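Worksheet: the structure to be examined is printed underneath.
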Amino acid sequence: MFGLGKRRTKLGKWIDKRGISQSWIREKTGLNKNTVGDLVNDTDRSPTQSTMKKILNALREIDPNVKSDDFWDM
Numbered sequence: 003m004f005g006l007g008k009r010r011t012k013l014g015k016w017i018d019k020r021g022i023s024q025s026w027i028r029e030k031t032g033l034n035k036n037t038v039g040d041l042v043n044d045t046d047r048s049p050t051q052s053t054m055k056k057i058l059n060a061l062r063e064i065d066p067n068v069k070s071d072d073f074w075d076m
């Protein structure tokens with residue numbers, strides 16, 4: 003079955019729980035497909051400051067209290 007057992011980051015789990023798609027994040031942030039895909043699937047990938055800011059600004063439309071510590075150990 004497709005998608006079972008896929009490895010997800012904290013960000014990936016957060017968007018899955020809320021039914022948010024990667025394409026929604028791409029549209030809101032202007033980030034490319036590979037960047038968003040890596041950040042939701044690759045636990046070794048950390049965003050740059052500017053990428054993090056774009057993602058957090060988009061996610062705050064859903065939850066105004068979201069913060070970087072919810073997703074990344076910086």
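The numbering of the sequence shown is the working numbering, which starts it at 3 and goes up by one.
We put the CB at the ideal spot given by N, CA and C, even for glycine.
No experiment lies behind these values; they were computed from the predicted model shown.
Query                                                                                                                     : Result
Simplified DSSP assignment, three categories, for Thr37                                                                   : helix
Cut-off 6 Å between Cβ atoms - residues of its own chain near Lys56, not counting five sequence neighbours on either side : Thr31
Reference Trp74; option with closest CA among Gly21, Arg62, Arg47, Leu61                                                  : Arg47
Those runs of the alpha helix (DSSP H) which lie wholly inside the region 9 to 58 and span at least 4 residues            : 12 to 20, 24 to 31, 35 to 43
Test item: CB-CB of Val42 and Ile64 under 8 Å                                                                             : no
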